[in-house]
Each structure stands twice: as structure tokens, then as C-alpha cells.
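Participant: Numbering (numbering that gives the first Met the number 0), first residue to last: 0 to 426. Every residue, glycine too, gets a C-beta built ideally from N, C-alpha and C.
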Amino acid sequence: MVSVSLSWHKLRKRIHLLCFLAFLALPFLNVVRFDIPKERFYFAGYQLWISEFAIVFFALMFLMFLVVASSVFYGRVFCGYMCPQMIFSEASVALETWLRKRIAKSVPQWSPPARQRVARGLFYAVLSAASVLLAFIFICYFVEPHDLWHRLASLDIHTAAGISGAAVTLVAFLDFALVRQRFCTTVCPYGYLQGLLGDLNTLLVHYRDETHECIDCKKCVRVCPMGIDIRQSPFQIECIHCAECIDACGEIMARLKKPNLIHYAWGEKGELLSDTSPRPWYRRVGLRDGKRVVVLMVLLFYASGLFVALGMRRAVLVQIAPVRATLYRIGGDGRVYNQFRYRIANRGGQPGAVTFAIQQLPGAALVMTPNPVRVRPGESAAGDFEISRPPGRGEELVSHFTILTNTAPAGESDQVPMTFLAPAEDK
Ligand code: SF4
Ligand code: SF4
Numbered sequence: 000m001v002s003v004s005l006s007w008h009k010l011r012k013r014i015h016l017l018c019f020l021a022f023l024a025l026p027f028l029n030v031v032r033f034d035i036p037k038e039r040f041y042f043a044g045y046q047l048w049i050s051e052f053a054i055v056f057f058a059l060m061f062l063m064f065l066v067v068a069s070s071v072f073y074g075r076v077f078c079g080y081m082c083p084q085m086i087f088s089e090a091s092v093a094l095e096t097w098l099r100k101r102i103a104k105s106v107p108q109w110s111p112p113a114r115q116r117v118a119r120g121l122f123y124a125v126l127s128a129a130s131v132l133l134a135f136i137f138i139c140y141f142v143e144p145h146d147l148w149h150r151l152a153s154l155d156i157h158t159a160a161g162i163s164g165a166a167v168t169l170v171a172f173l174d175f176a177l178v179r180q181r182f183c184t185t186v187c188p189y190g191y192l193q194g195l196l197g198d199l200n201t202l203l204v205h206y207r208d209e210t211h212e213c214i215d216c217k218k219c220v221r222v223c224p225m226g227i228d229i230r231q232s233p234f235q236i237e238c239i240h241c242a243e244c245i246d247a248c249g250e251i252m253a254r255l256k257k258p259n260l261i262h263y264a265w266g267e268k269g270e271l272l273s274d275t276s277p278r279p280w281y282r283r284v285g286l287r288d289g290k291r292v293v294v295l296m297v298l299l300f301y302a303s304g305l306f307v308a309l310g311m312r313r314a315v316l317v318q319i320a321p322v323r324a325t326l327y328r329i330g331g332d333g334r335v336y337n338q339f340r341y342r343i344a345n346r347g348g349q350p351g352a353v354t355f356a357i358q359q360l361p362g363a364a365l366v367m368t369p370n371p372v373r374v375r376p377g378e379s380a381a382g383d384f385e386i387s388r389p390p391g392r393g394e395e396l397v398s399h400f401t402i403l404t405n406t407a408p409a410g411e412s413d414q415v416p417m418t419f420l421a422p423a424e425d426k
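1. Y281: buried (16+ other C-beta within 10 angstroms of its C-beta) or exposed?
2. Rounded to a whole number of angstroms, what is the C-alpha to C-alpha distance between Y327 and P371?
3. Does the region 284 to 294 touch the region 29 to 39, meaning 3 or more C-beta pairs lie closer than 8 Å?
4. Is it a yes or a no for the region 336 to 347 touching the region 84 to 99, going by three-plus beta-carbon pairs under 8 Å?
5. Pull up the distance between the alpha-carbon of F419 and that of V397, whole angstroms please.
6. Could you tell me which uninterrupted alpha helix (DSSP H) segments, each at least 4 residues in length, are contained entirely in the region 21 to 90, listed from first to last along the chain?
7. DSSP on Q115, reduced to helix/strand/coil?
8. With a threshold of 7 Å (Cβ to nearest heavy atom), would T196 be considered close to ligand 2?
9. Determine the direct distance from the alpha carbon of P416 to that of P408, and round the result to whole angstroms.
10. So does C216 have its beta carbon nearer than 7 Å to some heavy atom of ligand 2?
11. Out of curiosity, what's the CA-to-CA distance linking R11 and Y80?
12. With DSSP run on the structure shown, which of helix, strand or coil describes G269?
13. When you measure from the CB of Y263 to every non-hydrogen atom of ligand 4, does any distance come out below 7 Å?
14. If you follow the beta strand (DSSP E) that Y341 is part of, which residue opens it and which one closes it?
15. Given a cut-off of 8 Å on the beta-carbon distance, is the pair A58 and L305 in contact?
16. Put L420 into one of helix, strand or coil per three-state DSSP.
17. Measure the beta-carbon distance from T168 to V131 and round it to whole angstroms, keeping in mind my assumption that it falls under 8 Å.
18. Using a Cβ-Cβ cut-off of 7 Å (strictly less than) and excluding sequence neighbours within five positions of S69, which residues of its own chain qualify?
19. What three-state label does DSSP hand S450 in the structure shown?
20. Where does L316 fall in DSSP's three states?
21. With 16 other CB atoms within 10 Å as the buried threshold, where does W148 fall?
22. If you draw a straight line from the C-alpha of G164 to the C-alpha of V170, how long is it?
23. Fully enclosed by the region 157 to 228, which alpha helix (DSSP H) runs are 4 residues long or longer?
24. Do you know how far the Cα of P361 is from the Cα of P389?
25. According to the neighbour-count rule (16 or more other Cβ atoms, all chains shown, within 10 Å of its Cβ), is V293 buried or exposed?
26. What's the C-alpha gap between G410 and G347?
27. Across the region 27 to 36 and the region 104 to 113, are there enough close Cβ pairs to call them in contact, namely three or more that are closer than 8 Å?
28. Indicate, with yes or no, if ligand 1 has a heavy atom lying under 7 Å from the CB of M225.
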């Protein structure tokens, strides 16, 4: 039991590093990004247009229920292990402490106030550079990274992107210099939300000392990044379930050859996470009651909806509609003409060329220039074309036919049912 609890700090710091790298990489790889100027939502490498409501809806609902499910099952695991605010706050505290100790060691002959001033100055200098980097990455979630880089390189503080860059840099600096973990207990709504989502089966950090073994060394209090005493209650709003106190108590109690007094546990009365007694696998992973089954089902529903919607998605969307302002016109050549309008949206990452053709309308001709229509990635094209057929053939007033579209290089083809109108005397 002790060996398990001693590993939480290391595990947490490794996850922090992975999350930091993910935070840096996600906007560049378009894994999750809202491009405000282009009105695009990037998800898992797909460039979704705001008009693609179904996919955007399923993606947002899936992400929201992922957070809900993690809170119901595992409490504030996101806060302790993955939240950027927590990661950068802890990094800022660690950097400041390291600089203070390093300077005290390097120049012991200086007075304490002088050492303090130099340490603070160095800390602010490093934090300023880090704030610029953080602000840059943060804004990359909303503005195209290359575009943002050009604005930064030209010291642009006149446009919206330039102004927001300067503002986010200032906020990041003040946040990680002054606010830090206080943000979690004052501004962030997630801690309060957790109080609503958690229940008697949610994973939490719990102090259990039925036999009164605690020696009141207060090491669990000293290591707590939130400055609380877990012995008071497992339901304190400040507790982010980071497990630093589990490591601390485990270390102290191991020296006394006694078991750890603080644990991860499934609720206040449930078994410990480290309990090795035989249990079904689903209880081990937190699937402990009907509520959790429902939450998991909802999550799977949105995940499947998203999967299907992405699977059915076409990179190049072609829409065709008849223009019925005039039902038809008779051309100088005596043929009957109907007008149609197309709109093409290239939502993929490579150029597309859409070729139009007609089928099931004898004697008909397509009057369209250009054909194929070429559309660059991320752009739209719209235009009109006509279809003509000879007069006086005795056909019906309304003829049903099909417009065929073929998109290169994807090789996607489509058949659009359409109607052709002719004057009554043509019958
Ligand atoms: S009480 Fe323990 S788990 Fe909660 S925040 Fe403090 S150190 Fe982390
Ligand atoms: S670290 Fe353990 S022994 Fe020390 S005060 Fe906290 S709970 Fe008690």
C-alpha cells in the first residue's frame, strides 16, 4: 500500500509534462481549435464549418460529457492532474522557490533583502518570457498560428489579435505571479460544479484513522498546494485530489512502519483504490451504480454520433438548386432553357475540382463555364448554369432527371434529383 501511494507525485508530474506538451501541440495539429476569423472549428484534424451543425454539436457534447463523466467517476482528477491553471501555478511556485534557494546558495554574503530583490527580478524576467509564450499558444487556439506569428513578429498591437495578445500576456503574468491556486477557489466554477456532480461513490482523497495513529506531524498540510488540512474533511472545496498528502503521510508512516492514513477511496465509506480484494473489473474502474452506467451510455451515444457524422462527412460539399424566378426561357436557338444555381464548399485540406453532368434527360445539353469548377481548400464557390433541350418534342411539362457531380481528387460522386420545366405548348 505504501509503495503505491509513494508514486502519486511522480505520476502526477509526468502527466503534467504530457499535458503541457499537448497544450503546446494541439492548436498546431488542429486537434481542438476554434478559428474565430475563419469561423471554423477544428476537431481531430477535421476542419469543420460552422454550418456543419451536427458534427460541431456532437463534438461539443462529447467533450462536455467527457468532463462530466470524469467528475462523476473520478472527482477532481482533471484539476489535480490536467488543468493548465494548476500546472502553470505549481510550475511558477516551484520556479520562484528554486531561484530563491539558488541565489541564497550562490551569494551568501549578500543581505537577505538584496538576495530577495535579485530572486524576484529574475523570477519576473522568466515569467514575462513564459507569459508571452503561453499567450501566444493560448491565442493559437482561436487564430491561425502562422497569421498570429506574423502579427507578433511585426509587433502588431493595433488589430484585435494584437490587442488580445497583449492583454492575455498581461493576464497570464499577473495570474502566475500573484493569483495562482487562489484562482481555483475564487474564479473557477469547476470546483463548485464538482460539488453537484460528485456523490457517495466518487473517487476522493480520504483521511482514515480509526485507530488514532496520526502523530500530528502536519507534513500532509505543508505539502498541500491548496494549503488545506485533509484531516478536517474529504469534501473541502479547495481539495483538488492531487494526492500530494497521500505521498507525504505514506513517507512519514513508513518510517514508523505503520500504514498510510490518507488514501484515494471510492467515496467516504467505500473501499480504497489500493484495495486488492477480489472485485469485478467494472467496480475497479469506477462503474459502481446505475447513475454511472447512464453517464457512460450518454458519453458513448455522443461518441458514436460524432464517429458516424465524421464518417459520413464529405470534404467537398456540393449543393444545387433550381432558380425558379423564371420557370424557363426560350433561347435564340429555339431551345428551352432552365437555370440552376450551385454552391461548393471545400472543407478539406487540398484543392478540389467538381465536374457536373446530366442524366435521364434526352437531347439535353449542359451550358456551364467553367466545368469542372475548381475550389481551393477552405474556400467556397457559387455560380449559375443552364440546361437546355430542344423544343416541340412532345415531352411532359415537368421532366425528372439527375445532375451528376464528381469531385476530384477525392473521387466522391453524387446524384442530385432535379426537375426540368418546359412550356405547355411543348407537349
Ligand atoms: S488535501 Fe491532499 S489531495 Fe487535497 S489538495 Fe491538498 S494535497 Fe492535494
Ligand atoms: S502526514 Fe499523516 S501522520 Fe502527519 S499529520 Fe498528516 S495524517 Fe497525520
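Facilitator: According to the structure shown:
1. Y281 counts as exposed, since fewer than 16 other C-beta atoms from the protein chains shown sit within 10 angstroms of its C-beta.
2. 24 Å
3. In short, these stretches do not touch, since the Cβ pair count stays below three.
4. The region 336 to 347 vs the region 84 to 99: no contact.
5. 6 Å
6. 52 to 73 and 76 to 80
7. helix
8. The sequence as given places Leu at residue 196; Thr does not occur at that position. It does not: the Cβ of L196 is nowhere closer than 7 Å to a heavy atom of ligand 2.
9. 24 Å
10. Result yes, Cβ under 7 Å from ligand 2.
11. C-alpha separation (whole angstroms): 6 Å.
12. coil
13. Ligands present in the displayed structure are limited to ligand 1 and ligand 2, and ligand 4 is not among them.
14. V335 to N345
15. yes
16. strand
17. 5 Å
18. V76 and F77
19. One cannot answer for residue 450 here, as it falls past the ends of the chain, which runs 0 to 426.
20. In the three-state DSSP reduction, L316 falls in the strand class (E or B).
21. exposed
22. 10 Å
23. Whole alpha helix (DSSP H) segments, 4+ residues: 159 to 173, 181 to 185, 189 to 196 and 218 to 222.
24. Cα to Cα, the separation comes out at about 9 Å.
25. exposed
26. 13 Å
27. Contact check between the region 27 to 36 and the region 104 to 113: fewer than three CB pairs, one atom from each, fall below 8 Å, which does not count as touching.
28. yes
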